[in-house]
Amino acid sequence: MKLDNLTAIDVVEGIKSGNISCEELVCEIYERIERSKLNCFITLNKANALEKAIEVDRRKNEEDYRRKKLLGVPIAIKDSISTRGLQTTCASKILEGYIPPYDAAVIEALKCEGAIIIGKTNMDEFCMGTTTETSFYGPTRNPHDLSRVPGGSSGGSAAAISACETVLALGSDTGGSIRCPASFCGVVGLKPTYGFVSRYGLIAYANSLEQIGPMASNVTDTALLLEVISAKDERDSMEVKIKNNAAMNYCASSLKWDEDANIDIDIDIDKEVKGMKIGVPKEFIEGVSPAVKKSVWNAVHKFEDSGAIVEEISMRGLNLKYALASYYIIAISEASSNLARFDGLRYGLRLGKDENWHTTFSKIRGEGFGEEVKRRIILGTYALSAGYYGKYYLKALKVRTLIKNEFEDAFKKQDMLAMPTMPFVAFELGERIKDPLSLYLADVNTVPINLAGVPSISIPCGFSNGLPIGLQLVGKHFEENEILKAGFVFETLSG
Amino acid sequence: MIRKEEIEHIGWLARIELSDAEKELFEKQLSSILDYFAVLDELDTEDVEPTYHVIGIKDVVREDEPKEALSQSEVLRNAPKKEKGYFKSPRML
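Line by line, the protein sequences give chains A and E.
Position in the first sequence counted from 1, then plus 3, gives you this note's numbering.
Position in the second sequence counted from 1, then plus 62, gives you this note's numbering.
Structure (structure tokens):
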């Protein structure tokens, strides 16, 4: 079986028509993973996945199986997402051996639609990083160049798709953690609007910023996966409020299913692109590397040549250094509170001999957390401590309001914004990890999106010296479908 | 500037024991990161409301109906130390 260029839609159709054996497909994927030098996975789900694959092959003609949207599709899950009975570590030593007693809402949805969970992917510890180098389980390598990072924090998910070690993957994105590795590995990744996908079962890093999102080798598969994981879930209070609001249109994509449960893509390319208003904010493009700048402008011109109205705009109030500072203060402050739960009492690392209450926990946390996690908890604790709350946290929340307003203003005139996902292509392993601030600065084009809570997709748009470049399309709140359609148009125009 | 003693104190507040090497490393790094954060002082935000959640909605609660919860054995399964159906904690003092 040829795994290269195999899409999720191919898999579903192939299994239903009898052209693909799910068992063979899953076996082939594990063979590839076992030969791989990339270190994409922390934990594999082999026995269970094979059992499920055999069941899919046996029951594929049953009515309810034919209706499953991801029937037999292999998917890799970022290790920040809880999977019942399958080790979930967040790439941290402190959670080594932890077996969640429940599934995240998105995992329930995937199982219900017939997806096959291949394993849990490597990531930066507790999602804190841009390279997947802070993982306790060693770094993941970039499939395009083994000496380079895959991006992060969902680096294992992106690299696994790129190397055909899975067909689909889930990531989570707090400040770019889906889009950065998608850009560095040459795959598609989407961060939904804040509140669009249930966070129930996502191990929290910074609640007010993060979302689980789909990753795939192409835009249509991304749309398909988003359809499945955006199912309504009453356990995320943000999400349920939105979806109970009948006036709010939250259609995830333009995918339709006919009576025989075959998929139909309802997009007229010419009609979509004609008159589409795309703003290119110069603040997001002037500081990037020449190769990235050229590639992104080429992409934008493709839209323009097909009838889109492109305008270079300025989001003057959005000085990106303010966005970065605001983002990091909010993220570390929320993290310092969220990560207080990891103490080795109910689960996770416990050292041999207990001392008194506080010392025992201090030692466990000192031993169990990696350097970057400690750095962020210490900074966050400092930012929230008496006397500093107004200077750091409250100030950052106010600056966030200014940033959000800036996006709202831009969207009064534009349908969407286009910009580079990352300012450069993937860099060498070890190149930046010793200098945390320089790594934080690499997130300059992704973090403002999380602060504003708008949806954004990264799509491959070219190469520089064999390394992929990502185009980022940013939409209005709950207009996932618009950026997906634009992405689909771009893929089609690029052939 | 953030001093080594301050880092030690914050480490204690956060219940993270830091080695001497970590304290020295963080003293340098955290000072430069905090300097970077100080760029926000350039902005006048006197009359700006803070944004806690971007979509500006209040929390909602579901109906208070009893549902099946995890069993005691499932809850305790991951506990490194347990005794007689309880989590076993270190002593308080």
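Note that beta-carbon positions come from the ideal geometry of N, C-alpha and C, so glycine has one too.
For the pair ILE117 (chain E) and LYS366 (chain A), the Cα-to-Cα distance works out to about 39 Å. For LEU212 (chain A) and GLU337 (chain A), the gap between their C-alpha atoms comes out near 10 Å. Around the C-beta of GLY393 (chain A), fewer than 16 other C-beta atoms lie within 10 Å, and the residue is accordingly described as exposed.
Taking the C-beta atoms as reference points, ILE97 (chain A) is found nearer than 8 Å to GLY351 (chain A). At least one CB of chain A lies nearer than 8 Å to the CB of GLU111 (chain E). GLU358 (chain A) is positioned such that its CB atom lies no closer than 8 Å to that of MET318 (chain A).
For ASP224 (chain A), the closest alpha carbon among the candidates A:PRO423, A:THR134, A:SER257 and A:ARG202 is that of A:SER257. For GLN134 (chain E) and ALA141 (chain E), the gap between their C-alpha atoms comes out near 11 Å. Within the same chain, Cβ atoms closer than 6 Å to the Cβ of SER220 (chain A) are found at ILE164 and VAL190, the five residues on either side in sequence being excluded.
In this structure VAL231 (chain A) does not touch ILE119 (chain A) by the C-beta definition: roughly 13 Å separates them, more than the 8 Å allowed.
Nearest CB-CB separation between ASP13 (chain A) and chain E: not below the 8 Å threshold. Beta-bridge partners assigned by DSSP to ILE312 (chain A): A:LYS280.
In the displayed model, LEU193 (chain A) falls within a strand according to three-state DSSP.
By the Cβ criterion, the segment 421-440 of chain A is not in contact with the segment 261-273 of chain A, since fewer than three pairs of Cβ atoms, one from each stretch, lie closer than 8 Å. Burial of ALA162 (chain A) is indicated by the presence of at least 16 other C-beta atoms within 10 angstroms of its C-beta.
Taking 8 Å as the CB threshold, ALA399 (chain A) lines the interface with chain E. For PRO152 (chain E), the chain A residues whose Cβ falls inside 7 Å of its Cβ are ASP357, GLU358, ASN359, TRP360 and THR363, in order along the chain. Under the rule that a run must span 3 or more residues, the beta strand (DSSP E) segments found entirely inside the segment 351-436 of chain A read 419-423.
A distance below 8 Å separates the beta carbons of ARG403 (chain A) and ILE333 (chain A). The C-beta separation of MET422 (chain A) from VAL283 (chain A) comes to about 7 Å, placing the pair in contact by the 8 Å criterion.
For GLN134 (chain E), the closest Cβ of chain A is not nearer than 8 Å.
Only THR196, TYR197 and GLY198 from the segment 187-201 of chain A bring a Cβ to less than 9 Å from some Cβ of chain E. Residue-level contact by beta carbon holds for TYR114 (chain E) and chain A, with a gap shorter than 8 Å. Under the Cβ criterion of 8 Å, PRO142 (chain E) is counted among the residues facing chain A. Under the DSSP assignment, THR495 (chain A) falls in the alpha helix (DSSP H) whose first and last residues are 483-497. ALA79 (chain A) and THR124 (chain A) do touch by the CB rule: their CB atoms are close to 5 Å apart, below 8 Å. For GLY159 (chain A), the enclosing alpha helix (DSSP H) starts and ends at 158-165. Beta-bridge analysis with DSSP links SER211 (chain A) to no other residue.
Using a Cβ-Cβ cut-off of 8 Å, LYS377 (chain A) counts as an interface residue toward chain E, since at least one Cβ of chain E sits closer than that to its own. Judged by beta-carbon spacing, VAL303 (chain A) lies beyond the 8 Å limit of ILE272 (chain A), meaning their Cβ atoms are not closer than that value.
Close partners of SER94 (chain E) in chain A (Cβ separation under 8 Å): LEU440.
Your pair ILE215 (chain A) and LEU205 (chain A) checks out as a contact, with CB atoms roughly 6 Å apart and the cut at 8 Å. Here SER83 (chain A) carries a coil assignment [DSSP, helix/strand/coil].
For GLY73 (chain E), the neighbours in chain A by C-beta distance under 7 Å run, in chain order, ILE381.
Listed by position along chain E, the residues whose Cβ is nearer than 8 Å to that of LEU405 (chain A) are LEU105, THR107 and VAL110. Across the structure, ILE110 (chain A) and GLY158 (chain A) are spaced so that their CA atoms are roughly 19 Å apart.
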